[in-house]
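K.L.:
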Amino acid sequence: GQIQTPELMHAIFYDPTTMVKVADDYVKATGGLVNIQPGKYKLVVYNFDTESTLIRNDYYVPSIEAYTSDIPTSTKSSLLTKLSASTKADPALVEPDPNIPIVYEPDHLFVARKDVEILRRSGTQTIEANAETIVETYYLGIRLLNKQNLASAQALLSGQVKSNKFGFDGGKSTEEVTLYFNMYAGVNDKTGEDVLQTKFSTFGKLPNSTSRLWLTIVITNTSGTTETWQQDITDQFIDNEDKYIYIESPAIDPPGPG
Numbered sequence: 005g006q007i008q009t010p011e012l013m014h015a016i017f018y019d020p021t022t023m024v025k026v027a028d029d030y031v032k033a034t035g036g037l038v039n040i041q042p043g044k045y046k047l048v049v050y051n052f053d054t055e056s057t058l059i060r061n062d063y064y065v066p067s068i069e070a071y072t073s074d075i076p077t078s079t080k081s082s083l084l085t086k087l088s089a090s091t092k093a094d095p096a097l098v099e100p101d102p103n104i105p106i107v108y109e110p111d112h113l114f115v116a117r118k119d120v121e122i123l124r125r126s127g128t129q130t131i132e133a134n135a136e137t138i139v140e141t142y143y144l145g146i147r148l149l150n151k152q153n154l155a156s157a158q159a160l161l162s163g164q165v166k167s168n169k170f171g172f173d174g175g176k177s178t179e180e181v182t183l184y185f186n187m188y189a190g191v192n193d194k195t196g197e198d199v200l201q202t203k204f205s206t207f208g209k210l211p212n213s214t215s216r217l218w219l220t221i222v223i224t225n226t227s228g229t230t231e232t233w234q235q236d237i238t239d240q241f242i243d244n245e246d247k248y249i250y251i252e253s254p255a256i257d258p259p260g261p262g
């Protein structure tokens, strides 16, 4: 479960008064040379090799933002169709709010922020900046019965943060999104039980204490029948330093073929 070390970093120097971009360059994660005029700057560095985490508005410190794109309309409508057609394990199922975007989960984004002063002198000056990820990764496992009947499982998790304006520390958005990811049959390392599991990443849960985190899983069995499993997992996110969520009950039990 190691996080991949990034390869390429984007270093941006901002004017500390206007917060506007003055210069930028690309360096390896281990460092590199950049040419910059003497003066004081706010330096923001982030990795430039992410696939699903997108960056926008980097011309101004308060607006630089990491976000992920919405899933394609076709994927969304197929998912919502499956949800409405599937047999529901729980009649009190909470339908996903159609007005809330369903987005891909983010890749890890390593960010360093530092106030630097480039001195007037010849030769090179070393700036050290330690980049840390602004993305959280959780293990999620649910006990699985009759795994031979499982064909696929698509999950939605509500109550997640849309983006992170990482020019400043703690720039989490207050806009809600629902994360989309796939889950797979496997064996839980700790219990040895069959599970439906995945590791998923998020910018975090919404800071709003009233938002509920509904985990909705559309399970398709080997004969193409779908059913929906759902649970409110808000409490599993609170003070969860291990980022480990395991649900024994209700277990997921895809119906047999036929």
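All residue numbers for the sequence shown refer to our numbering, where the first residue is 5 and numbers rise by one. Built from N, CA and C at the ideal position, the CB exists for glycine as well.
#1: I need the boundaries of the alpha helix (DSSP H) containing Leu-87, first residue and last residue.
#2: In angstroms with no decimal places, state the Cα-to-Cα distance between Asp-101 and Asp-239.
#3: Please state the DSSP three-state secondary structure of Val-139.
#4: Distance check for Tyr-30 and Glu-121, CA to CA, integer angstroms please.
#5: Pick out whichever of Thr-130, Tyr-71, Leu-47, Glu-136 has its Cα sitting closest to the Cα of Thr-57.
#6: Is the CB-CB distance between Glu-252 and Arg-117 below 8 Å?
#7: With a CB to CB cut of under 8 Å and the five nearest residues on each side skipped, what residues in its chain are close to Glu-264?
#8: Here's the rule I'm using: 16 or more other beta-carbon atoms within 10 Å means buried, otherwise exposed. How should Lys-209 be labelled?
#9: Mind checking whether Val-139 and Phe-241 have CB atoms under 8 Å apart?
#10: Tell me whether Gly-145 is buried or exposed, calling it buried when 16 or more other Cβ atoms sit within 10 Å of its Cβ.
#11: Whose C-alpha, out of Glu-69, Glu-231, Leu-84, is nearest the C-alpha of Val-115?
#12: Only counting runs of 3 or more residues, tell me where the beta strand (DSSP E) segments fall wholly within the stretch 108–181, in order along the chain.
#13: Which two residues bound the contiguous alpha helix (DSSP H) that contains Asp-239?
#14: Apply the 10 Å Cβ neighbour rule to Ser-88 and answer buried if 16 or more other Cβ atoms are within range, or exposed otherwise.
#15: Rounding to the nearest angstrom, what Cα-Cα distance links Thr-141 and Pro-110 in this structure?
#16: The beta strand (DSSP E) with Thr-224 in it runs from where to where?
P.N.:
The structure says:
#1: 77–89
#2: Take the alpha-carbon of Asp-101 and the one of Asp-239: they are about 21 Å apart.
#3: coil
#4: 19 Å
#5: Tyr-71
#6: no
#7: Residue 264 lies beyond the stretch modelled for the chain, which goes from 5 to 262, so this question has no answer here.
#8: With 16 or more other Cβ atoms within 10 Å, it is buried.
#9: no
#10: buried
#11: Cα-wise, what sits closest to Val-115 is Glu-69.
#12: 114–122, 140–148, 154–165
#13: Unbroken alpha helix (DSSP H) run through Asp-239: 238–241.
#14: With fewer than 16 Cβ atoms within 10 Å of its Cβ, Ser-88 is classed as exposed.
#15: Cα-Cα distance, rounded: 10 Å.
#16: 218–225
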